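Number of protein chains: 2
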Amino acid sequence: MTEQTGQVRFNQRERETGGKGEAAAIETELLKDYRFGQQQLIEIWGQACALAITKAYPLSSLSKKQPTVLVICGPDQNGSIGLVCARHLRIFEYEPTIYHPKRSSQSLHQDFTVQCEKMDIPFLSYLPTEVQLINDAYNLVIDAMLGPEADISNIKEPYSGILGTLKQVKIPIASVDVPSGWDEEEATQDGIHPEVLISLTAPKKCAACFSGKHYLAGRFLPYDIQKKYELNLPDFPGTDTLIEL
Amino acid sequence: MTEQTGQVRFNQRERETGGKGEAAAIETELLKDYRFGQQQLIEIWGQACALAITKAYPLSSLSKKQPTVLVICGPDQNGSIGLVCARHLRIFEYEPTIYHPKRSSQSLHQDFTVQCEKMDIPFLSYLPTEVQLINDAYNLVIDAMLGPEADISNIKEPYSGILGTLKQVKIPIASVDVPSGWDEEEATQDGIHPEVLISLTAPKKCAACFSGKHYLAGRFLPYDIQKKYELNLPDFPGTDTLIEL
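Chains as they are written, first to last, in our numbering: chain A, 1 to 245; chain V, 246 to 490.
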């Protein structure tokens, strides 16, 4: 672990550009110049998220009889990562249930959906409005809903309603990359309070306001990109693909 | 680990179909019915191969001063998996060098090649015919050359020449899925002798003739496929994505 571990985030260049969109710029560079594929990146990130969940909530630590997990997936990339995460959690012998209120028309997103359906992972057709039902049925909620790409100044239904529900649940929430409803830049005053945050590529600026368990997941970033964006990523131990910050 | 661990392989149905092509049938089903993508599968397999190498040859165990590894990549899928393996080995702080004598015209294969080039992994323009140079320069060779898809009754140059060299090298060889030049069905009498075999999805029939260190890598196969093909896969420990058989 390097000395900078506690401060890992988009730094110098972020300040120059105002921060917003640095993660998007890196992703564009990975796709265009480094010729990564979106499918490949989403698989890497989703698997790393699942591993982070197994670290934060090992099977043996779950309080309910069944290792149930509710995965709430949005319509964009964050949701696709949630779908991959759910599939790997099933392989790790968790029992995920997916709530995926708006299916994307993007074929990649549809493929990730079919992969989950063919793994016999159940999909909820609606989210119970009675919060106690969620508290009783699941050990935790994975929030893969809005992510950094969302326009949080204008969150529409069904997501605004789901956020209302998530603010009331008593079971822990683990958020993927950016807690839904938070700005990439900063925590939202009256937002959800995840217990775990799983940062992808590098922590977004809002992670500085996060006081829970914080993982950096996905160990694949080319060294030149790390250098160019001055990411100061910590040294991952051994062959681990995630690290607790 | 299940009782069947020692016998994991394509079994019942393989005997019915003569074995050949069972792995190909599974892959077709994953791509067509389960809507996996080739890019996604190759990423999963390549990463799992890299992890197997880190288990079989931990950095601390390497005898040479530098953690050098020669990765020989063929023109088809086995070669793509080798490219992904090399990239992840670089992330795990090995120093891979790739020998990739015939570039594929397939765009996916080209993308995996660019990903390695952009990671500053060196590519050899030819393989030294003086075997001692290879023994001196590298700790081991990863054979991602021909794989199960190859027609071994008619191995052409440059691959026949490379096999001649690999039969003479004194450093260990780790083969991906099927040792190059071996039939998917059985060991080839005068073939190469890898120290490590990394089976993907499930061991091919020839793995029964293999007496070295044998890993099963890539933990993602949907349960229905495992059942349909009676794969009797062992239980992977914890969240490991590979297991030594």
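Quick reminder that beta carbons are idealized off the backbone N, C-alpha and C, glycines included. Computed from a predicted structure; not experimentally measured.
Contact annotation: A/L124 and A/D143 have beta-carbon atoms that are not nearer than 8 Å. Contact between V/I317 and V/Y344 is confirmed by a C-beta separation of about 5 Å, below the 8 Å threshold. Between A/T201 and chain V, the shortest Cβ-Cβ separation is not below 8 Å. Excluding sequence positions up to five before and after V/I379, its CB lies within less than 8 Å of the CB of L315, L372, P373, V386, T410, V414 and I416, all in the same chain and listed in chain order. Around the beta carbon of V/S420, 16 or more other beta carbons lie within 10 angstroms, which makes this residue buried. If you draw a 10 Å sphere on the C-beta of A/L59, you find fewer than 16 other C-beta atoms in it, and that means exposed.
The beta carbon of A/C206 sits closer than 8 Å to the beta carbons of V178, P179, W182, D183, E184, E185, E186 and A187 from its chain, once the five residues preceding and following it are set aside; these are given in chain order. In this chain, the alpha helix (DSSP H) harbouring V/I336 covers Q322 to I336. One Cα belongs to V/H354, the other to V/F481, and the distance between them is close to 30 Å. The Cβ atoms of V/L276 and V/Q283 sit closer than 8 Å to each other.
In the structure shown, the three-state DSSP call for V/D388 is strand. One alpha carbon belongs to A/H214, the other to A/D224, and they sit about 25 Å apart. The Cβ atoms of V/G463 and V/L442 lie no closer than 8 Å to each other.
The beta-bridge partner set that DSSP reports for A/E95 consists of A/T68. At a cut-off of 8 Å between C-beta atoms, A/R103 does not count as an interface residue with respect to chain V.
Boundaries for A/E157: no beta strand (DSSP E) harbours it, and the DSSP string shows neither H nor E there.
In the structure shown, V/V359 falls within a helical segment according to DSSP collapsed to helix, strand and coil. Per DSSP, V/I289 is one residue of the alpha helix (DSSP H) stretching across Q283 to A301. As the crow flies, the alpha-carbon of A/A24 is around 12 Å from that of A/Y229. Less than 8 Å separates the beta-carbon of A/I121 from that of A/A86.
Non-local C-beta neighbours of A/P158 in its own chain, meaning closer than 6 Å and more than five positions away in sequence, comprise P101, ordered along the chain. For a Cβ distance threshold of 9 Å, nothing in chain A lies close to V/G426: the least Cβ distance comes to about 30 Å.
For A/I91, the nearest beta carbon of chain V is closer than 8 Å to its own beta carbon. Cβ-Cβ distances below 6 Å link A/A52 to I198, Y215, A217 and L242 in the same chain, with the five nearest sequence neighbours on each side left out; the list follows chain order.
In this structure, A/L146 and A/N78 form a Cβ contact; the two beta carbons are roughly 6 Å apart against a cut-off of 8 Å. Residues of the region 32 to 45 of chain A with a C-beta atom less than 8 Å from some C-beta of chain V are D33, Y34, R35, F36, G37, Q39, Q40, E43 and I44, listed in chain order. For the options V/E362, V/Q471 and V/E440, the alpha carbon positioned closest to that of V/T342 is the one of V/E362. Around the Cβ of A/S153, a 10 Å sphere holds fewer than 16 other Cβ atoms; the residue is exposed. Rounded to whole angstroms, V/K300 and V/S405 show a C-alpha spacing of 30 Å. Close CB contacts of V/I336 within its chain, under the 7 Å cut and outside five residues either way in sequence, are absent.
When 7 Å is used as the limit between beta carbons, A/Q115 is near these residues of chain V: Y279, R280 and F281, in chain order. Note on V/K401: under 16 other CB atoms within 10 angstroms of its CB, so exposed under the neighbour-count rule. In the structure shown, A/I192 adopts coil according to DSSP, grouped into three states.
In the structure shown, A/Y223 falls within a helical segment according to DSSP collapsed to helix, strand and coil. Considering only V/V329, V/I326, V/D321 and V/L328, the residue with the shortest C-alpha distance to V/S350 is V/D321.
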